[in-house]
Structures are given as structure tokens and as C-alpha cells.
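Taken in sequence, the protein lines are chains A and B. Residue 25 is where the first sequence starts when you use my numbering, and the numbers rise one by one after that. Residue 25 is where the second sequence starts when you use my numbering, and the numbers rise one by one after that. Below is one structure, written out as C-alpha cells; comments come after it.
2 protein chains.
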Amino acid sequence: MDGQYLPISEAKVSVLDWGFLHSDATYDTVHVWNGHFFRLNLHLDRFFRGVERLRMKLPFARSEIELILKNCVALSGHKSAYVEMICTRGTSPTFSRDPRQAENRFIAFAVPFGSVATKEQLERGLHIAISDTVRIPPESIDPSIKNYHWLDLVKGLFDAYEYGAETALIVDINGNVAEGPGFNVFLAKNKQLKTPAHSVLPGITRQTVFDLCAEVGLSAIAADVSRDELKDADEVFITSTAGGIMPVTRIDNTSIANGQVGRVTRQLMDLYWKKHADPAWSTPVLYP
Amino acid sequence: MDGQYLPISEAKVSVLDWGFLHSDATYDTVHVWNGHFFRLNLHLDRFFRGVERLRMKLPFARSEIELILKNCVALSGHKSAYVEMICTRGTSPTFSRDPRQAENRFIAFAVPFGSVATKEQLERGLHIAISDTVRIPPESIDPSIKNYHWLDLVKGLFDAYEYGAETALIVDINGNVAEGPGFNVFLAKNKQLKTPAHSVLPGITRQTVFDLCAEVGLSAIAADVSRDELKDADEVFITSTAGGIMPVTRIDNTSIANGQVGRVTRQLMDLYWKKHADPAWSTPVLYP
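In C-alpha cells, the structure reads:
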């Protein structure tokens with residue numbers, strides 16, 4: 025923060041930062057696995073696009089930010105980490121309400137790697153409930169700008185807990201499945217993969233699934249996905265930087281296929297983790 | 025914060041607080057004028073409703089929060105202040121992603137009173153542009169829970185600046201006028217007042233206009249307001265705790281009526297500020 029490296033317990037933002045008071049911020053999260061960033065360039069690309077679309081200016085060049093992220097991880101000592109880069113609108117020196125007068129702020133932090141799914145859930149598959157809550161539509165906020173507007177997702181999560189499920193999916197304005205708190209969703213039906221196209225974050229792990237499918241000759245498309253279509257799939261999985269590819273074996277009170285983690289899901293999970301050792305997709309951290 | 029009174033420059037939230045990372049928070053702002061809170065009870069009512077709807081728990085009772093707000097203002101010494109109370113989801117001691125495991129946090133601060141409109145703009149009326157950006161719909165986030173999800177409003181503001189206007193209105197999902205960054209809007213036509221009913225914060229100043237209209241025998245309703253209807257009005261004004269009732273004399277490139285601040289607007293502005301001395305609507309701060 026502000027050119028300083030601090031213990032995470034001391035990393036704090038002003039209550040007057042518009043990044044807090046107006047959630048006027050964009051961010052990205054990349055993970056480090058076995059001492060290597062995974063697909064760092066794709067995360068940096070998306071982060072820089074978001075910053076530009078929000079008409080903010082980073083106080084550092086891309087190469088400097090890459091160095092800051094590496095330093096954060098190296099200083100933390102974490103070999104597997106969840107690394108977040110944030111640009112907030114900041115505050116205006118005159119407390120002006122005009123966002124053009126604010127001094128934008130860059131923050132980065134590294135914490136131990138965390139996953140949406142526990143080890144047990146990864147083995148047996150997650151139980152998800154679909155909430156009626158509508159994901160904030162693109163007409164309101166461009167979902168390709170990764171943002172902290174999560175009250176709809178949090179509402180969905182509470183609905184899912186009430187239902188007895190472990191996490192949630194919420195819907196788009198037309199009632200089709202959109203995404204969950206921090207993840208995209210895929211279905212496989214007759215070896216064809218499909219993921220919602222609208223009102224979703226274009227996730228990097230989602231993109232990685234398309235890339236892996238291309239490598240192994242599976243067909244994958246982005247299109248509308250109805251609730252019924254999802255429940256009627258052969259296999260369902262979710263994707264997130266926080267956990268990678270994670271199987272889903274129950275949606276509401278419907279078991280997906282035979283309630284076991286499917287073959288396509290296992291194949292993609294294996295390939296996903298193998299790719300972490302591929303130099304083309306990974307960037308080493310130099311620990312002290 | 026956490027039972028301590030601090031200079032505002034030291035008031036900071038953890039970067040790991042879900043109030044920041046997921047904008048998982050609700051808040052309210054009340055103003056102090058000439059050493060008195062204005063309609064404090066209505067603000068506290070709304071704040072407590074929002075906290076409950078987000079399924080958060082405040083670590084203080086209502087009477088304690090009222091005392092904290094008074095102490096903040098008294099210690100700041102400001103005779104006219106903008107006072108914000110905030111409840112954030114907080115963080116989980118185990119960095120869990122489950123919002124039920126987070127320890128909710130209360131924050132309050134007092135800063136000098138600020139207004140959406142400058143003194144000059146209050147005299148001649150604001151110039152507003154209507155952006156095509158859609159306010160986050162109630163199906164996504166209940167607008168009666170006052171929240172920091174402002175990226176749509178910030179986008180509207182940038183659109184308005186590009187147009188050469190001073191502030192913005194954005195629309196609801198049907199294309200009707202919704203609200204602006206921190207304010208509701210009213211029109212007067214043939215002495216009948218009207219304000220958008222849907223996809224808007226039920227503002228306390230908006231409520232105050234209804235109350236003042238009842239007192240002076242003006243009719244006021246909440247209903248759909250189209251762009252054309254707004255531009256064709258006799259008078260237009262906006263309402264906010266940050267500035268009260270503020271006249272609008274130009275929308276896009278249309279002058280409202282003759283481009284002068286109208287009589288109904290002036291009458292309500294006068295009454296609004298007079299009411300600040302009414303003991304029924306004000307609560308004194310006891311300065312040291």
C-alpha cells in the first residue's frame with residue numbers, strides 16, 4: 025500500500041476512500057501454486073482493462089505492478105497464495121464528490137490460498153441451490169469490470185444456506201442461470217460443454233476451461249443456460265481462481281446424473297492442475 | 025471504531041473486511057445543522073432495518089449508537105456535519121468465505137457538512153444530464169437497504185460530465201427516471217408533485233418533502249416518471265441529506281420552464297430549512 029509492504033493485519037484503507045464508500049474500485053485475483061503464479065498475464069490484462077473502463081489511473085506501470093505482486097508473495101513466504109490487486113477511486117484532497125478529482129490508489133495483498141470447496145466437497149461434489157436473486161445486469165454494471173458489488177451474491181448465499189445447500193447460483197434478469205459468489209458454472213451434456221454467456225464475469229478459470237477443451241478436443245460454448253437444463257446435465261462443475269475446477273453433484277434437490285463426480289469433470293480437473301507446471305502458463309516467484 | 029474515537033485520518037478499515045471486498049455493508053447518513061441532528065430517528069430506523077435485512081448484528085444497542093453519533097460530532101466540534109453510521113460484514117477469524125461466520129463491525133464518523141450543489145448552483149439551479157445507465161434493479165439489490173453499490177451512479181456521473189452537465193440521473197430497467205448519485209428527484213406540474221417510485225432509495229429528504237407537502241396542502245405522489253415528463257415539468261428539484269432540497273433548471277439541453285428556480289421549489293426549500301429549528305424534528309448535540 026502506498027509503496028510500503030506491511031503485515032496483512034496493518035493493511036487498511038481510509039473509511040473515506042470511495043473504494044469503500046461507493047465500492048468504486050476494480051480488482052483481480054491471481055493464485056500462486058507451488059511458488060508460481062498461474063496465468064498471471066491474463067489477470068493483469070483484465071485488471072488493466074477494468075481500471076481503464078472505470079477511468080482510473082494506476083500510479084504504477086504494469087511491470088512495476090508485476091514486481092509488487094511478486095514481492096508481496098515472496099515477503100509473505102506463502103508457496104500457495106491468493107493474490108489480490110486492487111485499484112480504488114481513492115479520495116479527493118478537498119473531499120469533493122467529483123470522482124475526477126480523486127487520487128486513485130493501488131493496493132495488493134497475498135494471503136494463503138483458499139478454495140470455494142473443501143477437500144471433502146472436491147471429492148464428492150458440491151451441493152448448490154439456485155436462488156431467485158438476479159445478478160446485477162450488464163445494463164447497470166459491466167460484468168467484465170471485476171467488481172465488489174456482491175450484495176446479490178451474498179443474498180443468494182443466505183438463500184442457499186436456508187435451503188441446506190453449500191453454495192449458490194443466482195440468475196440473470198431473464199431467469200437463466202448466471203453465476204455464483206466468486207465462480208462461473210459449466211454443464212456437460214453428451215460431451216458438449218456449456219456455460220452461461222450473459223450477466224457473468226468472464227472468469228480466467230472459465231477461459232482456461234475453454235482452452236483445455238480446445239486442447240483435448242471437447243466442444244465448449246457460452247450461451248443461455250436454463251435451470252432445468254443445468255439440473256438435467258450429465259455433469260456440472262464450477263470454476264474459480266479460488267479452487268480451480270470444482271465438481272457439483274447436487275442442485276436444489278436434484279442429483280446430477282448418478283450423484284458422482286463425472287469423467288469429463290475429472291479429466292479437466294487433472295489437466296488444470298497439471299498445467300500449473302507448464303512454463304507457458306506460470307511465472308515463478310523468487311523467494312528470499 | 026471498535027469503541028475508540030479517532031481523528032478521521034486514522035479511521036481505516038481492514039482490506040480484508042467484506043464491507044470493502046464485497047461491499048457487504050449498509051449505512052446511513054444524517055446531518056447536523058446548527059448543532060442539531062435533523063430527523064435522527066428516521067435515519068436510525070432505516071439503518072436498523074437495513075442491518076436486519078442483511079442479517080447482520082450490531083455490536084451496540086440503538087441508544088448506544090445514538091450516543092456514539094453524538095460523541096463523534098461533539099468531539100469533532102463541527103456545528104454542521106455529515107454523520108455516517110456503517111455496519112460491515114467484517115471478517116471471519118478463520119478467513120472463511122461464509123458470511124455467517126464473520127464478526128460484523130460498526131463504524132461511525134462525522135465530517136464537515138457537504139452539499140451536492142454549490143451555493144451558486146442552489147441559486148440558479150443545477151444542470152443535470154440523464155444517462156442511459158440503468159440503476160441496479162430491486163430484483164438484484166433491495167434499494168431500501170442503503171448500500172454502497174454505486175458503480176452505475178459513477179458511470180452516470182461520467183456520462184453527465186461528458187455531456188457538459190453538473191450531475192446525473194440514471195434510469196430504471198424500463199427506461200423511466202430513477203435517481204442520481206446520492207439523491208432522489210421530484211417534478212412539479214400544475215402544483216402536483218411526483219417522484220419516481222421504483223428502483224430508488226426511499227430517501228429521508230424525499231420523505232420529508234412528502235411530509236412538508238402534507239403540511240402546506242400540496243399533493244405529492246410516487247409513480248413512474250418518464251424522461252419526457254421530467255423535461256416537460258414546471259419545476260424540478262433533487263433531494264438529499266447532502267444539501268436538502270436543490271433546484272434543477274436544466275436537463276440535458278432542455279431548460280425547465282423558464283430556466284428559473286420555481287415558486288414551489290423555493291417554498292419547500294424555505295420550509296425545509298425552517299424545520300431544522302423544530303424540536304420535533306431535531307436532536308441537540310452536547311458539545312464539550
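The C-beta atom is built at its ideal place from N, Cα and C for all residues, glycine as well.
Can you tell me where the beta strand (DSSP E) with residue i in it begins and where it stops?
i	result
B:Asn128	Glu127 to Pro136
B:Glu253	Here B:Glu253 belongs to no beta strand (DSSP E); instead the alpha helix (DSSP H) covers Arg251 to Lys255.
B:Pro308	Ser306 to Pro308
B:Gln216	Gln216 to Thr219
A:Thr265	Here A:Thr265 belongs to no beta strand (DSSP E), and DSSP marks it neither H nor E.
B:Val209	Asn208 to Lys213
A:Ala246	Ser243 to Ala246
A:Ser38	Lys36 to Ser38
Between which two residues does the alpha helix (DSSP H) harbouring residue i extend?
i	result
A:Val240	Ile228 to Val240
B:Tyr106	Premise fails: B:Tyr106 lies in the beta strand (DSSP E), Ala105 to Thr115, not in any alpha helix (DSSP H).
A:Trp42	Trp42 to Leu45
A:Trp297	Arg287 to Lys298
So with CB distances below 7 Å, who are the chain B contacts of residue i?
i	result
A:Leu175	Ser47, Asp48, Ile165, Asn171 and His173
Taking buried to mean at least 16 other C-beta atoms within 10 Å of its own C-beta, is residue i buried or exposed?
i	result
A:Leu310	exposed
B:Asn171	buried
B:Gln145	buried
B:Phe119	exposed
A:Trp42	buried
B:Val240	exposed
B:Asn282	exposed
B:Pro312	exposed
B:Lys179	buried
A:Asn208	buried
A:Ser279	exposed
A:Asp122	exposed
A:Leu91	exposed
A:Pro205	buried
A:Glu76	exposed
A:Ala153	buried
A:Ser259	Here residue 259 of chain A turns out to be Glu, not Ser, going by the sequence shown. Classification for A:Glu259: buried.
B:Gly227	buried
B:Trp174	buried
A:Ala184	buried
If the cut is a Cβ gap below 9 Å, which residues of chain B does residue i touch?
i	result
A:Tyr187	Within 9 Å Cβ-Cβ: nothing; A:Tyr187 doesn't reach chain B, min ~14 Å.
A:Arg251	The contacting residues do not exist; A:Arg251 stays about 16 Å from chain B at best.
A:Ile89	In chain order: nothing, as chain B lies at least about 16 Å away.
Can you pull the chain B residues whose beta carbon is under 8 Å from the beta carbon of residue i, in chain order?
i	result
A:Thr157	Glu163 and Ser164
A:Phe137	Correct list: empty, because the minimum Cβ distance to chain B is about 11 Å.
A:Ile228	The contacting residues do not exist; A:Ile228 stays about 18 Å from chain B at best.
State the CB to CB distance for the pair residue i and residue j, rounded to an integer number of angstroms; the pair is presumed to be in contact (CB under 8 Å).
i	j	result
B:Phe133	B:Ile32	6 Å
A:Val135	B:Lys36	The pair is not a contact, with the Cβ atoms about 18 Å apart (cut-off 8 Å).
B:Leu217	B:Ala244	4 Å
A:Val285	A:Pro271	4 Å
A:Tyr29	A:Asn95	6 Å
B:Ala266	B:Val140	5 Å
A:Phe72	A:Arg63	That pair is no contact at about 15 Å.
A:Ile269	A:Leu254	At roughly 16 Å, the Cβ-Cβ gap does not stay under 8 Å, so A:Ile269 and A:Leu254 are not in contact.
B:Leu40	B:Thr115	5 Å
A:Glu203	A:Leu211	About 13 Å; that fails the 8 Å criterion.
B:Ser47	A:Ser47	4 Å
B:Ala221	B:Asp248	7 Å
A:Phe318	A:Thr307	Given that chain A is displayed from residue 25 to residue 312, the structure contains no residue 318 of chain A and the question cannot be resolved.
A:Met109	A:Asp196	The pair is not a contact, with the Cβ atoms about 28 Å apart (cut-off 8 Å).
Interface residues of chain A around residue i at Cβ under 8 Å?
i	result
B:Lys36	Lys36, Val37, Ser38 and Val39
B:Pro123	Val178, Leu181 and Phe182
B:Phe84	Neighbours of B:Phe84 on chain A: none; closest Cβ ~17 Å, over 8 Å.
B:Ile152	Within chain A, no residue comes near B:Ile152; the closest Cβ sits about 14 Å away, beyond 8 Å.
B:Ile280	Within 8 Å Cβ-Cβ: nothing; B:Ile280 doesn't reach chain A, min ~22 Å.
Cβ closer than 7 Å: which chain A residues qualify as neighbours of residue i?
i	result
B:Phe133	Val39
B:Arg79	Phe182
B:Ile269	Those within 7 Å of B:Ile269 in chain A number zero; the least Cβ separation is about 17 Å.
Along chain A, in chain order, which residues have C-beta atoms closer than 9 Å to that of residue i?
i	result
B:Phe72	By Cβ distance, chain A contributes nothing, its closest Cβ being about 17 Å from B:Phe72, past 9 Å.
B:Val140	Arg121
Return the chain-ordered ranges of every alpha helix (DSSP H) run that is complete within the region 53-92 of chain A and spans a minimum of 4 residues.
If only complete runs of 4 or more residues are kept, the region 53-92 of chain A shows the alpha helix (DSSP H) at 64-77, in order along the chain.
Just to confirm the assignment: which complete alpha helix (DSSP H) runs, minimum length 4, are found wholly within the region 140-201 of chain A?
For the region 140-201 of chain A, whole alpha helix (DSSP H) runs of length 4 or above, ordered along the chain, are 143-148 and 175-187.
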